[in-house]
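Remarks on the structure that follows.
Numbering (the working numbering), first residue to last: 2 to 378.
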(Lines of atoms letter the chains of each structure in order from A; the text may use other names.)
(Lines give C-alpha, C1' and ligand atoms only; values in the text may rest on other atoms or scores of the structure.)
Protein backbone atom coordinates (compact mmCIF):
# COMPACT_ATOMS: atom_id res chain seq x y z
CA UNK A 2 0.00 0.00 0.00
CA UNK A 3 1.38 3.39 -1.00
CA UNK A 4 1.68 6.23 1.53
CA UNK A 5 1.22 9.81 0.32
CA UNK A 6 2.83 12.88 1.85
CA UNK A 7 0.04 15.39 2.28
CA UNK A 8 0.65 18.99 1.26
CA UNK A 9 -1.34 20.26 4.24
CA UNK A 10 1.12 18.70 6.74
CA UNK A 11 3.47 21.69 6.68
CA UNK A 12 0.62 24.12 7.41
CA UNK A 13 -0.61 21.92 10.25
CA UNK A 14 2.82 21.97 11.87
CA UNK A 15 3.05 25.74 11.56
CA UNK A 16 -0.42 26.48 12.93
CA UNK A 17 -0.12 23.95 15.73
CA UNK A 18 2.82 25.93 17.10
CA UNK A 19 0.66 29.07 17.17
CA UNK A 20 -2.88 27.96 18.11
CA UNK A 21 -4.00 25.90 21.09
CA UNK A 22 -6.76 24.33 18.98
CA UNK A 23 -6.59 23.06 15.39
CA UNK A 24 -9.66 21.77 13.53
CA UNK A 25 -9.18 19.74 10.32
CA UNK A 26 -12.38 19.16 8.37
CA UNK A 27 -13.01 17.36 5.12
CA UNK A 28 -15.04 14.68 3.40
CA UNK A 29 -15.33 11.20 4.81
CA UNK A 30 -12.19 9.19 3.92
CA UNK A 31 -10.22 12.23 2.78
CA UNK A 32 -7.42 11.11 5.10
CA UNK A 33 -7.85 13.49 8.07
CA UNK A 34 -7.16 10.92 10.78
CA UNK A 35 -4.31 9.25 8.90
CA UNK A 36 -2.62 12.60 8.35
CA UNK A 37 -2.89 13.82 11.93
CA UNK A 38 -1.89 10.48 13.45
CA UNK A 39 1.21 10.46 11.25
CA UNK A 40 2.16 13.85 12.73
CA UNK A 41 1.50 12.91 16.36
CA UNK A 42 4.27 12.65 18.92
CA UNK A 43 4.08 9.90 21.61
CA UNK A 44 2.69 12.33 24.20
CA UNK A 45 -0.49 13.04 22.28
CA UNK A 46 -3.46 10.78 23.02
CA UNK A 47 -5.86 9.71 20.29
CA UNK A 48 -9.59 9.36 21.02
CA UNK A 49 -12.28 8.61 18.44
CA UNK A 50 -15.89 9.55 19.10
CA UNK A 51 -16.89 6.66 16.85
CA UNK A 52 -16.42 4.78 20.14
CA UNK A 53 -19.89 5.03 21.67
CA UNK A 54 -18.63 4.97 25.26
CA UNK A 55 -16.24 7.83 24.56
CA UNK A 56 -18.97 9.71 22.73
CA UNK A 57 -21.39 9.33 25.64
CA UNK A 58 -18.85 10.65 28.11
CA UNK A 59 -17.91 13.57 25.85
CA UNK A 60 -21.55 14.58 25.42
CA UNK A 61 -22.73 14.09 28.97
CA UNK A 62 -19.61 15.10 30.90
CA UNK A 63 -17.28 17.00 28.55
CA UNK A 64 -15.15 18.42 31.37
CA UNK A 65 -14.60 14.93 32.77
CA UNK A 66 -13.77 13.64 29.29
CA UNK A 67 -10.99 16.20 28.83
CA UNK A 68 -9.69 15.78 32.37
CA UNK A 69 -9.53 12.02 31.92
CA UNK A 70 -7.63 12.11 28.63
CA UNK A 71 -5.42 15.13 29.26
CA UNK A 72 -3.48 17.21 26.75
CA UNK A 73 -2.23 17.19 24.06
CA UNK A 74 -5.06 15.20 22.48
CA UNK A 75 -6.43 14.32 19.04
CA UNK A 76 -10.23 14.00 19.09
CA UNK A 77 -11.56 12.29 15.97
CA UNK A 78 -15.11 12.91 14.64
CA UNK A 79 -15.70 15.76 17.07
CA UNK A 80 -19.03 16.62 15.42
CA UNK A 81 -20.59 13.87 17.53
CA UNK A 82 -20.00 15.87 20.74
CA UNK A 83 -20.38 19.62 20.15
CA UNK A 84 -20.59 19.97 23.94
CA UNK A 85 -16.78 19.75 23.98
CA UNK A 86 -16.30 23.13 22.33
CA UNK A 87 -17.30 25.24 25.33
CA UNK A 88 -15.01 23.22 27.62
CA UNK A 89 -12.12 23.52 25.15
CA UNK A 90 -12.74 27.29 25.08
CA UNK A 91 -12.39 27.43 28.87
CA UNK A 92 -9.16 25.40 28.72
CA UNK A 93 -7.70 27.76 26.12
CA UNK A 94 -8.73 30.84 28.13
CA UNK A 95 -7.00 29.28 31.15
CA UNK A 96 -3.72 29.05 29.23
CA UNK A 97 -3.73 25.78 27.27
CA UNK A 98 -0.46 25.46 25.34
CA UNK A 99 -0.23 25.70 21.53
CA UNK A 100 -1.16 22.40 19.91
CA UNK A 101 -3.14 21.15 22.92
CA UNK A 102 -6.23 20.19 20.92
CA UNK A 103 -6.34 18.62 17.48
CA UNK A 104 -9.87 18.00 16.23
CA UNK A 105 -11.25 16.33 13.10
CA UNK A 106 -14.73 16.14 11.65
CA UNK A 107 -16.52 15.40 8.40
CA UNK A 108 -19.52 17.74 8.61
CA UNK A 109 -17.61 20.66 7.24
CA UNK A 110 -19.85 23.72 7.41
CA UNK A 111 -21.65 22.89 10.66
CA UNK A 112 -18.31 22.28 12.36
CA UNK A 113 -16.82 25.49 10.98
CA UNK A 114 -19.83 27.46 12.17
CA UNK A 115 -19.84 25.80 15.60
CA UNK A 116 -16.12 26.29 16.14
CA UNK A 117 -16.24 29.92 15.02
CA UNK A 118 -19.12 30.60 17.39
CA UNK A 119 -17.56 28.82 20.38
CA UNK A 120 -13.85 29.28 19.69
CA UNK A 121 -13.69 32.55 17.78
CA UNK A 122 -10.08 33.68 17.59
CA UNK A 123 -8.89 30.53 19.36
CA UNK A 124 -9.01 27.88 16.63
CA UNK A 125 -7.24 27.43 13.30
CA UNK A 126 -9.52 25.76 10.76
CA UNK A 127 -8.19 23.79 7.79
CA UNK A 128 -10.00 21.80 5.10
CA UNK A 129 -8.33 18.66 3.81
CA UNK A 130 -9.47 17.75 0.28
CA UNK A 131 -9.07 14.37 -1.35
CA UNK A 132 -5.62 13.61 -2.74
CA UNK A 133 -4.33 16.17 -5.21
CA UNK A 134 -2.51 15.22 -8.39
CA UNK A 135 0.61 16.79 -6.88
CA UNK A 136 0.36 14.47 -3.87
CA UNK A 137 -0.11 11.41 -6.09
CA UNK A 138 2.18 12.17 -9.02
CA UNK A 139 4.13 15.36 -8.27
CA UNK A 140 7.51 16.25 -6.85
CA UNK A 141 8.81 19.06 -4.66
CA UNK A 142 6.57 21.50 -2.84
CA UNK A 143 3.10 22.62 -3.82
CA UNK A 144 1.77 26.16 -4.05
CA UNK A 145 -1.54 27.75 -5.04
CA UNK A 146 -2.11 27.65 -8.79
CA UNK A 147 -1.44 30.95 -10.53
CA UNK A 148 -1.41 31.90 -14.20
CA UNK A 149 2.35 32.34 -14.12
CA UNK A 150 3.94 30.64 -17.11
CA UNK A 151 7.43 30.70 -15.62
CA UNK A 152 6.18 28.98 -12.47
CA UNK A 153 4.09 26.49 -14.44
CA UNK A 154 7.10 25.56 -16.55
CA UNK A 155 9.02 24.50 -13.42
CA UNK A 156 6.31 22.21 -12.02
CA UNK A 157 7.36 18.57 -12.17
CA UNK A 158 5.51 15.27 -12.01
CA UNK A 159 4.65 12.15 -13.94
CA UNK A 160 3.68 13.03 -17.50
CA UNK A 161 0.73 11.30 -19.12
CA UNK A 162 -1.36 11.35 -22.28
CA UNK A 163 -5.08 11.93 -22.81
CA UNK A 164 -6.00 8.35 -21.95
CA UNK A 165 -3.83 8.58 -18.85
CA UNK A 166 -5.70 11.71 -17.76
CA UNK A 167 -9.00 9.86 -18.00
CA UNK A 168 -7.50 6.97 -16.03
CA UNK A 169 -6.73 9.44 -13.26
CA UNK A 170 -10.20 10.95 -13.51
CA UNK A 171 -11.87 7.52 -13.40
CA UNK A 172 -9.75 6.29 -10.48
CA UNK A 173 -10.57 9.40 -8.47
CA UNK A 174 -8.65 10.77 -5.53
CA UNK A 175 -9.82 8.95 -2.41
CA UNK A 176 -6.69 7.93 -0.48
CA UNK A 177 -7.86 4.47 0.55
CA UNK A 178 -8.46 3.43 -3.06
CA UNK A 179 -5.64 5.29 -4.82
CA UNK A 180 -3.12 3.94 -2.29
CA UNK A 181 -3.95 0.35 -3.31
CA UNK A 182 -5.42 -0.59 0.05
CA UNK A 183 -8.57 -1.70 -1.78
CA UNK A 184 -8.48 -3.16 -5.27
CA UNK A 185 -12.13 -3.66 -6.25
CA UNK A 186 -13.27 -0.21 -7.26
CA UNK A 187 -16.99 -1.03 -7.54
CA UNK A 188 -17.12 -2.56 -4.06
CA UNK A 189 -15.11 0.33 -2.62
CA UNK A 190 -17.43 3.05 -3.94
CA UNK A 191 -20.57 1.07 -3.10
CA UNK A 192 -19.32 0.69 0.47
CA UNK A 193 -18.36 4.35 0.62
CA UNK A 194 -21.84 5.43 -0.43
CA UNK A 195 -23.52 3.07 2.04
CA UNK A 196 -21.38 4.43 4.88
CA UNK A 197 -21.98 8.01 3.77
CA UNK A 198 -25.74 7.55 3.52
CA UNK A 199 -25.99 5.70 6.83
CA UNK A 200 -23.75 7.97 8.86
CA UNK A 201 -23.22 11.45 7.46
CA UNK A 202 -26.64 11.87 5.87
CA UNK A 203 -28.33 9.81 8.58
CA UNK A 204 -26.88 12.09 11.26
CA UNK A 205 -28.54 15.10 9.62
CA UNK A 206 -31.82 13.60 8.39
CA UNK A 207 -33.75 11.45 10.83
CA UNK A 208 -35.96 10.00 8.11
CA UNK A 209 -35.09 9.74 4.43
CA UNK A 210 -35.24 7.25 1.58
CA UNK A 211 -31.70 5.97 0.95
CA UNK A 212 -32.48 4.74 -2.54
CA UNK A 213 -34.08 8.04 -3.50
CA UNK A 214 -31.15 10.02 -2.07
CA UNK A 215 -28.77 7.79 -4.04
CA UNK A 216 -30.78 8.50 -7.20
CA UNK A 217 -30.48 12.19 -6.38
CA UNK A 218 -26.70 11.84 -6.08
CA UNK A 219 -26.60 10.15 -9.49
CA UNK A 220 -28.74 12.87 -11.07
CA UNK A 221 -26.40 15.50 -9.62
CA UNK A 222 -23.36 13.63 -10.94
CA UNK A 223 -24.81 13.80 -14.45
CA UNK A 224 -24.77 17.60 -14.16
CA UNK A 225 -21.15 18.30 -13.24
CA UNK A 226 -19.85 21.49 -14.81
CA UNK A 227 -23.37 22.73 -15.53
CA UNK A 228 -25.37 25.67 -14.22
CA UNK A 229 -27.38 24.47 -11.26
CA UNK A 230 -31.11 24.21 -11.98
CA UNK A 231 -32.68 22.93 -8.78
CA UNK A 232 -36.15 22.53 -10.28
CA UNK A 233 -34.92 20.31 -13.13
CA UNK A 234 -32.84 18.25 -10.72
CA UNK A 235 -35.82 17.79 -8.40
CA UNK A 236 -38.13 16.88 -11.29
CA UNK A 237 -35.74 14.16 -12.48
CA UNK A 238 -36.28 12.10 -9.33
CA UNK A 239 -39.74 13.38 -8.40
CA UNK A 240 -38.99 15.32 -5.23
CA UNK A 241 -39.90 18.89 -4.32
CA UNK A 242 -37.58 21.80 -5.01
CA UNK A 243 -37.22 22.33 -1.26
CA UNK A 244 -36.12 18.71 -0.79
CA UNK A 245 -33.57 19.01 -3.61
CA UNK A 246 -32.26 22.25 -2.13
CA UNK A 247 -31.93 20.65 1.30
CA UNK A 248 -30.15 17.59 -0.09
CA UNK A 249 -27.71 19.75 -2.03
CA UNK A 250 -26.92 21.58 1.22
CA UNK A 251 -26.11 18.24 2.84
CA UNK A 252 -23.83 17.24 -0.04
CA UNK A 253 -21.99 20.55 0.21
CA UNK A 254 -21.75 20.39 4.02
CA UNK A 255 -20.13 16.97 3.82
CA UNK A 256 -17.70 17.99 1.02
CA UNK A 257 -19.18 15.73 -1.64
CA UNK A 258 -19.90 18.67 -3.95
CA UNK A 259 -18.75 22.26 -4.29
CA UNK A 260 -19.81 25.22 -6.41
CA UNK A 261 -18.27 27.89 -8.57
CA UNK A 262 -20.10 31.18 -8.17
CA UNK A 263 -20.50 33.64 -11.04
CA UNK A 264 -18.17 36.61 -11.22
CA UNK A 265 -19.83 39.98 -11.63
CA UNK A 266 -19.29 43.62 -10.75
CA UNK A 267 -21.01 46.90 -11.53
CA UNK A 268 -19.58 46.85 -15.06
CA UNK A 269 -20.87 43.35 -15.80
CA UNK A 270 -24.59 43.59 -15.16
CA UNK A 271 -25.77 40.95 -17.61
CA UNK A 272 -24.19 37.98 -15.85
CA UNK A 273 -26.30 35.04 -14.80
CA UNK A 274 -26.55 34.40 -11.08
CA UNK A 275 -26.68 30.59 -11.00
CA UNK A 276 -23.91 28.50 -9.45
CA UNK A 277 -22.04 25.75 -11.31
CA UNK A 278 -21.97 22.30 -9.75
CA UNK A 279 -18.86 20.15 -9.26
CA UNK A 280 -18.00 17.00 -7.32
CA UNK A 281 -14.95 16.84 -5.05
CA UNK A 282 -14.03 13.36 -6.38
CA UNK A 283 -14.27 12.55 -10.08
CA UNK A 284 -14.05 8.83 -9.35
CA UNK A 285 -17.36 9.08 -7.51
CA UNK A 286 -18.88 10.85 -10.53
CA UNK A 287 -17.68 8.08 -12.86
CA UNK A 288 -19.05 5.43 -10.50
CA UNK A 289 -22.44 7.10 -10.08
CA UNK A 290 -22.81 7.62 -13.83
CA UNK A 291 -21.91 3.97 -14.44
CA UNK A 292 -18.87 4.32 -16.71
CA UNK A 293 -17.22 0.87 -16.44
CA UNK A 294 -13.70 1.98 -17.34
CA UNK A 295 -11.61 5.02 -18.23
CA UNK A 296 -11.74 4.36 -21.99
CA UNK A 297 -15.53 4.42 -22.02
CA UNK A 298 -15.49 7.59 -19.93
CA UNK A 299 -13.05 9.26 -22.34
CA UNK A 300 -15.43 8.67 -25.25
CA UNK A 301 -18.71 9.11 -23.38
CA UNK A 302 -21.15 11.98 -23.24
CA UNK A 303 -19.64 13.23 -19.99
CA UNK A 304 -16.03 13.43 -21.18
CA UNK A 305 -15.87 17.23 -21.50
CA UNK A 306 -17.80 18.03 -18.34
CA UNK A 307 -15.86 15.62 -16.15
CA UNK A 308 -12.55 16.91 -17.54
CA UNK A 309 -13.63 20.41 -16.51
CA UNK A 310 -14.63 19.09 -13.09
CA UNK A 311 -11.19 17.48 -12.75
CA UNK A 312 -9.28 20.64 -13.66
CA UNK A 313 -11.36 22.99 -11.47
CA UNK A 314 -11.15 20.58 -8.54
CA UNK A 315 -7.36 20.22 -8.82
CA UNK A 316 -6.84 23.98 -8.97
CA UNK A 317 -9.11 24.39 -5.95
CA UNK A 318 -7.08 21.79 -4.01
CA UNK A 319 -3.87 23.78 -4.45
CA UNK A 320 -5.47 26.60 -2.44
CA UNK A 321 -7.05 24.40 0.24
CA UNK A 322 -3.73 22.59 0.71
CA UNK A 323 -2.10 25.95 1.39
CA UNK A 324 -4.71 26.75 4.03
CA UNK A 325 -6.43 29.33 1.81
CA UNK A 326 -9.85 29.80 0.30
CA UNK A 327 -9.85 29.36 -3.47
CA UNK A 328 -10.49 32.69 -5.30
CA UNK A 329 -12.27 30.99 -8.20
CA UNK A 330 -15.30 32.04 -10.24
CA UNK A 331 -16.80 31.49 -13.67
CA UNK A 332 -18.44 33.92 -16.09
CA UNK A 333 -21.59 33.59 -18.19
CA UNK A 334 -23.92 36.32 -19.39
CA UNK A 335 -27.33 36.50 -21.00
CA UNK A 336 -25.69 36.54 -24.42
CA UNK A 337 -24.20 33.11 -23.56
CA UNK A 338 -20.66 34.41 -23.47
CA UNK A 339 -18.86 32.11 -21.07
CA UNK A 340 -15.49 31.72 -19.37
CA UNK A 341 -14.94 28.39 -17.65
CA UNK A 342 -12.77 29.64 -14.80
CA UNK A 343 -11.59 32.98 -13.45
CA UNK A 344 -8.81 33.22 -10.86
CA UNK A 345 -8.40 36.42 -8.85
CA UNK A 346 -4.77 37.10 -8.00
CA UNK A 347 -2.57 40.13 -7.43
CA UNK A 348 -5.40 42.53 -8.16
CA UNK A 349 -6.25 41.02 -11.55
CA UNK A 350 -8.69 38.50 -13.01
CA UNK A 351 -7.11 35.63 -14.93
CA UNK A 352 -9.53 33.84 -17.31
CA UNK A 353 -9.04 30.18 -18.27
CA UNK A 354 -10.78 27.96 -20.80
CA UNK A 355 -10.86 24.21 -20.19
CA UNK A 356 -11.26 22.30 -23.43
CA UNK A 357 -10.38 18.85 -24.70
CA UNK A 358 -8.60 19.55 -27.96
CA UNK A 359 -5.26 18.86 -29.63
CA UNK A 360 -5.40 22.10 -31.61
CA UNK A 361 -6.56 24.97 -29.40
CA UNK A 362 -7.48 28.00 -31.47
CA UNK A 363 -7.55 31.71 -30.70
CA UNK A 364 -11.35 31.62 -30.68
CA UNK A 365 -11.20 29.89 -27.28
CA UNK A 366 -10.19 33.19 -25.71
CA UNK A 367 -12.71 35.30 -27.63
CA UNK A 368 -14.85 35.88 -24.54
CA UNK A 369 -11.93 37.05 -22.42
CA UNK A 370 -12.55 40.57 -23.69
CA UNK A 371 -15.57 40.92 -21.37
CA UNK A 372 -13.02 41.23 -18.54
CA UNK A 373 -11.15 44.12 -20.14
CA UNK A 374 -12.46 46.14 -17.23
CA UNK A 375 -11.87 43.20 -14.95
CA UNK A 376 -9.08 44.49 -12.72
CA UNK A 377 -10.47 43.84 -9.26
CA UNK A 378 -12.29 47.04 -8.24
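Heads up, the beta-carbon is just placed ideally off N, CA and C, and yes, glycines get one too.
- Around the beta carbon of residue 64, fewer than 16 other beta carbons sit within 10 angstroms, so the residue counts as exposed.
- Boundaries of the beta strand (DSSP E) harbouring residue 260: 258-263, taken from the DSSP string.
- Rounded to the nearest angstrom, the Cβ distance from residue 107 to residue 314 is 18 Å, too far for a contact under 8 Å.
- Classified as exposed, residue 121 has fewer than 16 neighbouring CB atoms from the shown chains inside 10 Å of its CB.
- Listed as beta-bridge partners of residue 103 by DSSP are 23, 75.
- The way I'd put it, the stretch 281-299 does touch the stretch 165-181; three or more beta-carbon pairs between them come closer than 8 Å.
- Burial state of residue 220 is buried, judged by a 10 Å Cβ sphere holding 16 or more other Cβ atoms.
- Assigned with DSSP and collapsed to three states, residue 238 falls in helix.
- When DSSP states are grouped into helix, strand and coil, residue 111 belongs to the helix group.
- In this structure the stretch 308-326 lies against the stretch 140-149, because at least three pairs of beta carbons, one per stretch, are closer than 8 Å.
- For residue 343 and residue 97, the gap between their C-alpha atoms comes out near 42 Å.
- Residue environment: residue 212 is assigned as exposed (fewer than 16 neighbouring CB atoms within 10 Å of its CB, all protein chains considered).
- In the DSSP assignment, residue 186 falls outside any beta strand (DSSP E) and lies within the alpha helix (DSSP H) extending over 186-196.
- Distance check between residue 249 and each of 278, 261, 353 places 278 closest, using alpha-carbon atoms only.
- Excluding the 5 residues flanking it on each side, residue 223 has same chain C-beta neighbours closer than 7 Å at 290, in chain order.
- Out of 257, 225, 272, the CA that lies nearest to the CA of residue 202 is found in 257.
- Spatial neighbours of residue 129 in its own chain (CB-CB distance under 6 Å, excluding positions within 5 residues in sequence) are listed in chain order as 9, 25, 27, 31, 33.
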